[in-house]
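Quick note: to get the working numbering, add 109 to the position in the sequence shown (first position is 1).
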Amino acid sequence: MTEKHIREYQRAQCIALRRAGMSYRAIAEDVGVSRASVQRSLERYDETGGFQDRSRSGRPKKLNDRNIRMLKHLVQDDANRSSSRELMLKLNESLGKSVYRRTVINYLQKFGYEYKVKIEKPYLSKQHRNARLQWCLEHSNWTVDDWKKVLFSDESTFYVVKRCMAVAATGGGGRAGFWGVITWKGAGSFRIYTENTNSEVYCNILDNYLVPTVQMYGFENDFMLQHDNAVLQWPAKSPDLNPVEQLWSFIDNKLKSRRMSSIKELIDGLSAEWLNITPELCEKIVFSMPQRIQNCIKFPIFVRGIQVWA
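Structure, rendered in structure tokens:
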């Protein structure tokens with residue numbers, strides 16, 4: 110029996126029981142509907158002489174009020190990180206029926222969220238392409254042993270935001286900067302900060318966080334530091350050539366499963382996920398450098414990523 114037939118059957122029951130002299134309260138308990146539903150069924154019968162649904166002038170809504178409330182709860186209880194497709198799958202599972210992703214996006218926009226398509230790859234100008242190719246040619250003869258002598262450092266910013274669409278939505282709850290360093294032996298020291306950085310802050314980071322990593326992994330003086338503005342220069346717009354960029358993506362994916370609504374929760378999540386980075390993952394990332402460089406030489410106009418984790 111369809112939902113429509115169930116409604117009509119319940120209305121018919123309400124009418125028959127009322128004719129039998131039962132009260133609204135008793136009818137509601139017996140049929141399993143609210144007293145208001147009983148009253149509406151009787152009023153409709155008095156007006157139309159029937160209990161069928163009224164004919165509709167337009168296409169019925171895909172989601173009723175209850176479904177809309179369920180979607181809102183999914184958004185609010187989702188740690189604010191799902192994409193519209195992920196929300197669609199969760200909603201379909203809860204409702205037991207199919208709702209299109211476009212429908213979910215339309216309702217999210219009605220809720221006040223802004224839909225933006227994530228830009229997966231940076232724009233490369235001719236100057237960027239030439240710089241990438243030149244850098245890769247200069248390092249094309251580097252072996253894995255050469256890259257094992259490099260300490261890779263980078264910084265990124267993570268946000269506490271409602272991210273229920275492809276990448277961004279309304280509002281925000283703050284941000285935290287993250288600086289970290291890795292070697293082929295494993296992840297090193299890191300620093301999380303909420304203040305703006307300058308040369309003094311950066312020098313403090315190198316003194317207090319880079320040096321301990323050098324000592325911890327026994328590099329002594331036989332190492333080279335990679336950073337966007339440090340010894341080993343890196344070409345701009347080249348996340349595929351920077352191993353630490355892979356870790357930012359890795360950490361960001363891990364954070365999606367966490368419920369975060371404050372800076373403290375964001376900082377706790379960042380710390381935990383960095384400490385969970387395994388030596389095996391760092392080794393795979395660093396050892397992939399020769400292949401990254403060859404990919405860039407072969408396809409200099411594309412930013413190509415290498416997935417190094419399962």
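Just so it is clear, CB atoms sit at the ideal spot from N, CA and C, and this is done for glycine as well.
- With a cut-off of 8 Å on the beta carbons, I'd call T303 and A285 a contact; round off their distance for me. Cβ atoms of T303 and A285 come within 8 Å of each other, at about 6 Å.
- Item | I402 classed as buried or exposed, judged by whether at least 16 other C-beta atoms fall within 10 angstroms | Classification for I402: buried.
- Can you tell me whether P352 is buried or exposed, with buried defined as 16 or more other CB within 10 angstroms of its CB? P352 counts as buried, since no fewer than 16 other beta carbons sit within 10 angstroms of its beta carbon.
- Task: Per DSSP, which residues does G286 bridge with? Please list them.
- Result: G286 pairs with T266, Y302.
- Item | Per DSSP, cross-strand counterpart(s) of G295 | Answer is T292, bridged to G295.
- Taking only runs of the alpha helix (DSSP H) that begin and end inside the segment 168-208, which ones reach a length of at least 4 residues, in chain order? Qualifying alpha helix (DSSP H) stretches, in chain order: 174-185, 193-204.
- Assigned exposure category for T252 - 16 Cβ within 10 Å defines buried: Classification of T252: exposed, given that the 10 Å Cβ count is below 16.
- Could you tell me whether the segment 356-364 touches the segment 232-247, where touching means 3 or more Cβ pairs closer than 8 Å? At 8 Å Cβ cutoff, the stretches do not touch.
- Alpha carbon of R194 to alpha carbon of L356, nearest angstrom: Approximately 24 Å, taken between the alpha carbons.
- Query: Hey, how far is the Cα of R134 from the Cα of E202?
  - Reply: Rounded to the nearest angstrom, the two C-alpha atoms are 34 Å apart.
- Query: Around the C-beta of Y216, are 16 or more other C-beta atoms found within 10 angstroms, so that it is buried, or is it exposed?
  - Reply: By the neighbour-count rule (16 or more Cβ atoms within 10 Å), Y216 is buried.
- Can you tell me where the alpha helix (DSSP H) with R367 in it begins and where it stops? Premise fails: R367 is in no alpha helix (DSSP H) and is neither H nor E.
- Do P388 and G295 have their C-beta atoms closer together than 8 Å? A contact, by the Cβ cut-off of 8 Å.
- What's the C-alpha gap between Y198 and W383? The question names Tyr, but residue 198 is Leu in the sequence shown. Their Cα atoms are separated by approximately 30 Å.
- Label I115 either buried or exposed according to how many other C-beta atoms from any shown protein chain fall within 10 Å of its C-beta, with 16 as the threshold for buried. Per the 10 Å Cβ criterion, exposed.
- Message: Per DSSP, what are the beta-bridge partners of V323 in this structure?
- Response: Its beta-bridge partners do not exist; DSSP assigns none.
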